[in-house]
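Residue numbers (the numbering used here): 347 to 758. The structure appears below as structure tokens.
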């Protein structure tokens, strides 16, 4: 539902990457480096060592050693005869440059024949005629190498826009290894974030529109997005060990939820109601309660906590909550008995009829509405804080309401 674009897997295009690397080699712009892997102190990782002397091997000697089966890395021959500046006109960071004298000869193919990131990325971009590249700021340093590769391939380098990085509250870069749930899209999906709200939140990490709006649909984001609205400073996602969700993300999701029509909300709630264990959840029932919880949920997954009493019997509440603030147990019993009597006989069990009948009953008992309605609300919902009372009674139905009033009377 995020609307994924067409994509290509680099692992499916290895032949293309290798052909591009060897085309660079045939132009004399790359060379074989036969320096063996080492576990020496200067190279504790055991990775392939860079030996500048390998640049001087003749083509004949290089071919002979390769034919003999000697392993090698294919390296780009960074120009050394002139210290030229490699210029990158980045659309976010402006024009940046680096001298070729500050670049080492980097690998295009590993000793296994696998293309490096630099080779694969540039070969794909050249083949697909990519015009603009948007990626993380950490890759800005790689762009100087990529400019040289594009030149060697005989194509114009794409324009680049390097985006601010996403950081944890402690200032560390977000990491799949360290911050797994926070960086996983499924974490947000499983909690009940709307795709449109999630995209809205991500768009505001390092970018802002000219009019300072925050809630935007995807169509509005497409219309408003410009590269000059991107910030150079990194963006922080605020989360804790207890709560992986940034408060801004939750707020935006609540705003997007409120914009849904009731039918759409009910449809989206169904899998989360089932996930909460509400086996009696039906499209019709969710359609009835959706208007009552529309303003009360922030995430679709909140249905389990906010709407539980619509699907299960509230049995674990404190009986003391049945007693209104200005009243006692006798008053609560009086209110519950009267409401049971009235609700047993009302001709219709709809909001308007229920409200009129219960307000009349409160007047007859000379009770304030709060004294009358709190015991009813706690009896049917199991809590003081609940959706509008009369709409809730209608959604629950006469039989369920009377059963719960009976149970409450048995507690006090």
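Note that the Cβ used here is the ideal one computed from N, Cα and C, for glycine as well.
Under the three-state DSSP convention, the category residue 606 falls into: If DSSP states are grouped into helix, strand and coil, residue 606 belongs with coil.
DSSP on residue 476, reduced to helix/strand/coil? DSSP, reduced to helix, strand and coil, places residue 476 outside both helices and strands of the structure shown, so it counts as coil.
Closer than 7 Å by C-beta to residue 735: which residues in its own chain qualify, once you throw out the five before and the five after it? Chain order, please. In the same chain as residue 735, and ignoring 5 residues on each side of it, the C-beta atoms closer than 7 Å to its own belong to 719, 722, 723, in chain order.
Stretch-stretch touch, CB-based, cutoff 8 Å, three pairs: the stretch 725-745 with the stretch 658-669: Contact between the stretch 725-745 and the stretch 658-669 is established, with three or more Cβ pairs separated by less than 8 Å.
Can you tell me whether residue 391 is helix, strand or coil according to DSSP? Caution applies to residue 391, whose pLDDT of 43 falls short of 50 and renders its modelled position unreliable; the value that the coordinates give is listed next. When secondary structure is reduced to three states using DSSP, residue 391 falls in the coil class, being assigned neither helix nor strand.
Is there contact between the stretch 399-414 and the stretch 437-448, where contact requires at least three CB pairs shorter than 8 Å? By the Cβ criterion, the stretch 399-414 is not in contact with the stretch 437-448, since fewer than three pairs of Cβ atoms, one from each stretch, lie closer than 8 Å.
Determine the closest residue to residue 524 out of 539, 349, 636, 590, with distance taken between C-alpha atoms. Comparing alpha-carbon positions, the option among 539, 349, 636, 590 lying closest to residue 524 turns out to be 590.
Anyone know if the C-beta pair for residue 676 and residue 649 falls short of 8 Å? Taking a C-beta distance under 8 Å as the contact criterion, residue 676 and residue 649 do not qualify as a contact pair.
Which same chain residues, not among the five before or five after residue 740, have their C-beta less than 7 Å away from its C-beta? Answer for residue 740: 695, 696, 697, 700, listed in chain order.
Considering only their Cβ atoms, is the gap separating residue 364 from residue 455 smaller than 8 Å? Contact flag set, yes.
Quick one, are the C-beta atoms of residue 401 and residue 423 less than 8 Å apart? A Cβ-Cβ contact shorter than 8 Å links residue 401 with residue 423.
Applying the 10 Å Cβ sphere with the 16-neighbour rule, what's the burial state of residue 742? Counting other Cβ atoms within 10 Å of its Cβ, residue 742 reaches 16 or more and is therefore classed as buried.
Among the residues of its own chain, which have a CB less than 6 Å from the CB of residue 656, if the five just before and after it don't count? Hits under 6 Å: 635.
Does DSSP put residue 688 in a helix, a strand or coil? In this structure, residue 688 counts as helix in the three-state DSSP scheme.
Supposed contact pair residue 543 and residue 598 - C-beta distance, whole angstroms, cut 8 Å: Confirmed, about 5 Å.
Beta-carbon proximity list for residue 564, same chain, < 7 Å, skipping 5 on both sides: Non-local C-beta neighbours of residue 564 in its own chain, meaning closer than 7 Å and more than five positions away in sequence, comprise 542, 545, ordered along the chain.
Residue 499 beta carbon less than 8 Å from that of residue 370: Against a cut-off of 8 Å, the Cβ pair of residue 499 and residue 370 comes out as a contact.
Cβ contact (3+ pairs, closer than 8 Å) linking the stretch 354-368 and the stretch 461-474: Verdict: yes, contact present.
Every unbroken alpha helix (DSSP H) within the stretch 584-666, with a cutoff of 4 residues, ordered by chain: Runs of the alpha helix (DSSP H) lying entirely within the stretch 584-666 and spanning at least 4 residues, in chain order: 593-604, 608-621, 629-639, 649-652.
Judging by CA-CA distance, which residue of 436, 381, 502 is the nearest neighbour of residue 420? Out of 436, 381, 502, 381 has the C-alpha closest to the C-alpha of residue 420.
Go ahead and pull the three-state DSSP assignment for residue 377. The three-state secondary structure of residue 377, taken from DSSP, is strand.
Under a three-way DSSP split, which group does residue 424 fall into? If DSSP states are grouped into helix, strand and coil, residue 424 belongs with coil.
I believe residue 452 touches residue 491 by the beta-carbon criterion, under 8 Å. Please report the beta-carbon distance rounded to the nearest angstrom. Between residue 491 and residue 452 the Cβ distance is about 5 Å, and since that is below 8 Å, they are a contact.
Find the nearest neighbour of residue 425 within the set 615, 596, 493, 485, judged by alpha-carbon distance. With respect to the C-alpha of residue 425, the residue from 615, 596, 493, 485 having the closest C-alpha is 493.
Residue 487 to residue 437, Cα distance in whole Å? Residue 437 has its alpha-carbon roughly 15 Å from the corresponding atom of residue 487.
Assumed close pair residue 520, residue 576 - CB separation to whole angstroms, cut-off 8 Å: With 8 Å as the limit, residue 520 and residue 576 do not qualify as a contact, their Cβ atoms being about 18 Å apart.
Keeping to the same chain, check which residues put their C-beta closer than 8 Å to that of residue 644; ignore five residues upstream and five downstream. Taken in chain order, the residues that qualify are 596, 597, 599, 600, 603.
With DSSP run on the structure shown, which of helix, strand or coil describes residue 350? Assigned with DSSP and collapsed to three states, residue 350 falls in coil, not helix or strand.
Keeping to the same chain, check which residues put their C-beta closer than 6 Å to that of residue 449; ignore five residues upstream and five downstream. Result list for residue 449: 424, in chain order.
How would you write the range of the alpha helix (DSSP H) that residue 841 sits in, first residue to last? Nothing about residue 841 can be reported from this structure: the residues present for the chain run from 347 to 758 only.
Distance, residue 686 Cα to residue 751 Cα: The straight-line gap from Cα to Cα measures roughly 7 Å.
Contacts around residue 434, its chain only, beta-carbon distance under 6 Å, and the 5 residues preceding and following it disregarded: Excluding positions up to five away in sequence, the list reads 442, 489.
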